[in-house]
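Colleague: Handing you a structure now.
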Amino acid sequence: MSVCTLTRTRCCCCTALECCSTTMAAASLSVDLDFTRRLPKIELHAHLTGSISRACLHDIWMSQKRQQPDLAIEDPLVAIPSGKVDYDVQTFFPLFSSYIYKLCNDVASIEFSTTAVLHEFQSDGVVYLELRTTPRAIAEHNISKDDYVRTVTHLLTAHNEDTSNTMRVFLILSVDRRNTLAEADEVIDLAIKYRSSGVVGVDLCGNPAKGDVRTFTTAFSRAKAVGLNITVHFAETAASATDQELHTLLSWQPDRLGHVIHVKDEFRAMIEARNIAVELCLSCNVHAKLITGTYSDHHFGMWRHSSVPVVLCTDDVGVFCSPLSAEYHLAATNFDLDRRQLKQLAERAISCIFMGSTEGGRLRNIYSTWEV
Ligand code: IMP
Ligand code: ZN
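Residue numbers for the sequence shown follow the UniProt record's numbering, beginning at 1 and rising by one.
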């Protein structure tokens, strides 16, 4: 073992000077959007309907308008103006319930939008995606929640079977906080039924001002008991960060936590002690004013120095318009990360995927041959 003359650090994997100078050269190359697009990335927190771009919603609207000239739904380019990203907790959730769900309400629009979402993540350099969605019944088109999940899993399977695709995609089914226990149980049943078709876990999402998470304890316990992975939206707002709520959510033994904003030291310590991975979404949190301040104030700055795996995610790229490559770029510019550190950040997410060893091996191969 020798000591590098430049950094005075020990190096055991090669001759010290070579190793450190290579590292320093890679580090000194600037991080630009071209780099963050090329960087192989792992996306673990993306809501399917929230990931549909405005352009895609507009295409759906045009097609429906052609078939139904009296369609009483506003053009997405008017309803969700280009450049508008300042959706907060009050305006964000109604955007889905009062608008996007009314537009994406038949098999054709679900298929078209899901295909577009997969294409956009892949084009952005995502090599592994866990998409999440809330099973939705659409009575006017005779679509059951089972039909909805089957439709989405078929598309994901077809995507994965196409060997020209560089990204693999799996599905997480979400329970909405407004659900009843019976509805949550139905989501768990669907997750179990479609496990062999690519469903890898379950999530708790929805408006953090609504619902009592204790309602769902038996449903999530059942999911855990059958070996489904669990991720939950955790401490997204002060109202959804009471001690009682956070203790309840942790009692479900989640494998990952989303957002993790309003956590006291006591909960941080529990998360670290259990080594639970955190899914952090910079743009969403800043635009929705879930955090005070701006990017440089984001709790990514705190969690990245903790012992738990930190995964950068988009949440709702269709609404907040920042693809995963842009999130990595924001992390680099606001937290002074170099190319090597960004690659390490991206690669560490392998340890948090719900798909396990086959995909883990494929991803490790990708990173081992990818030069910064
Ligand atoms: P879907 O589940 O594919 O229909 O995606 C949209 C849904 O995801 C919304 O209706 C919300 O329930 C949920 N969602 C999206 N972003 C967030 C978030 O930041 N917090 C909680 N729920 C969210
Ligand atoms: Zn989310």
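Just so you know, even glycine gets a beta-carbon here, dropped at the ideal spot from N, CA and C.
Just so we're clear, the structure is a prediction, and the values are computed from it rather than from any experiment.
#1: Quick check: does the Cβ of Gly-258 come within less than 7 Å of any heavy atom belonging to the ligand ZN?
#2: Is it buried or exposed, Pro-323, if we count other Cβ atoms within 10 angstroms and call 16 or more buried?
#3: Check whether the Cβ atoms of Glu-245 and His-259 lie closer than 8 Å to each other.
#4: Under 8 Å between the Cβ atoms of Leu-282 and His-298?
#5: Do you know how far the Cα of Ala-332 is from the Cα of Thr-36?
#6: Cβ of Cys-321 within 7 Å of any heavy atom in the ligand IMP?
#7: So the beta strand (DSSP E) Arg-256 belongs to, where does it begin and stop?
#8: Check whether the Cβ atoms of Tyr-101 and Arg-136 lie closer than 8 Å to each other.
#9: If we call anything under 8 Å between Cβ atoms a contact, is His-58 one with Leu-71?
#10: Just the Cα atoms here: how many angstroms apart are Val-308 and Ala-55?
#11: Which of the three DSSP states is assigned to Gly-201 in this structure?
#12: Can you determine whether any heavy atom of the ligand IMP sits closer than 7 Å to the C-beta of Phe-335, and answer yes or no?
#13: Note down the Cα distance separating Ile-350 from Ser-197, rounded to an integer number of angstroms.
#14: In the DSSP assignment, find the alpha helix (DSSP H) that holds Val-152 and state where it starts and stops.
#15: May I ask you to check if the CB of Ser-174 is nearer than 7 Å to at least one heavy atom of the ligand IMP?
Modeller: Taking the structure as given:
#1: What you label residue 258 is simply residue 258 of the sequence shown in a count that begins at 1. Yes; taking the cut-off as 7 Å, the Cβ of Gly-258 has a heavy atom of the ligand ZN nearer than that.
#2: On the sequence shown, residue 323 is found 323 positions in, with the first residue counted as 1. Result: buried.
#3: Position 245 of the sequence shown, counted from the start, is the residue given in the question as residue 245. Position 259 of the sequence shown, counted from the start, is the residue given in the question as residue 259. Not in contact: Glu-245 and His-259 (Cβ atoms no closer than 8 Å).
#4: As a working note, residue 282 is residue 282 in the sequence shown. As a working note, residue 298 is residue 298 in the sequence shown. Cβ distance < 8 Å, so Leu-282 and His-298 count as in contact.
#5: The residue you call residue 36 lines up with position 36 of the sequence shown. The residue you call residue 332 lines up with position 332 of the sequence shown. Their Cα atoms are separated by approximately 9 Å.
#6: Residue 321 sits at position 321 when you count from the first residue of the sequence shown. It does not: the Cβ of Cys-321 is nowhere closer than 7 Å to a heavy atom of the ligand IMP.
#7: Taking the first residue of the sequence shown as position 1, residue 256 is located at position 256. Element bounds for Arg-256: 256-259.
#8: Locating residue 101 in the sequence shown gives position 101, where the first residue counts as 1. Locating residue 136 in the sequence shown gives position 136, where the first residue counts as 1. Contact: yes.
#9: Translated into positions along the sequence shown, residue 58 becomes position 58. Translated into positions along the sequence shown, residue 71 becomes position 71. No, the Cβ-Cβ distance between His-58 and Leu-71 is not below 8 Å.
#10: Mapped onto the sequence shown, residue 308 falls at position 308. Mapped onto the sequence shown, residue 55 falls at position 55. Whole-angstrom Cα-Cα distance: 37 Å.
#11: In the sequence shown, the residue the question calls residue 201 occupies position 201. Here Gly-201 sits in strand by DSSP.
#12: Numbered from 1 along the sequence shown, position 335 holds the residue referred to as residue 335. No - the ligand IMP has no heavy atom lying nearer than 7 Å to the Cβ of Phe-335.
#13: For the purposes of this step, residue 350 is taken as residue 350 along the sequence shown, with counting starting at 1. For the purposes of this step, residue 197 is taken as residue 197 along the sequence shown, with counting starting at 1. Straight-line Cα distance between these residues: approximately 21 Å.
#14: Looking up residue 152 in the sequence shown gives position 152. Looking at the DSSP string, the run of the alpha helix (DSSP H) that includes Val-152 is 145-161.
#15: For the purposes of this step, residue 174 is identified with residue 174 of the sequence shown, where counting begins at 1. Yes, the Cβ of Ser-174 comes within 7 Å of a heavy atom of the ligand IMP.
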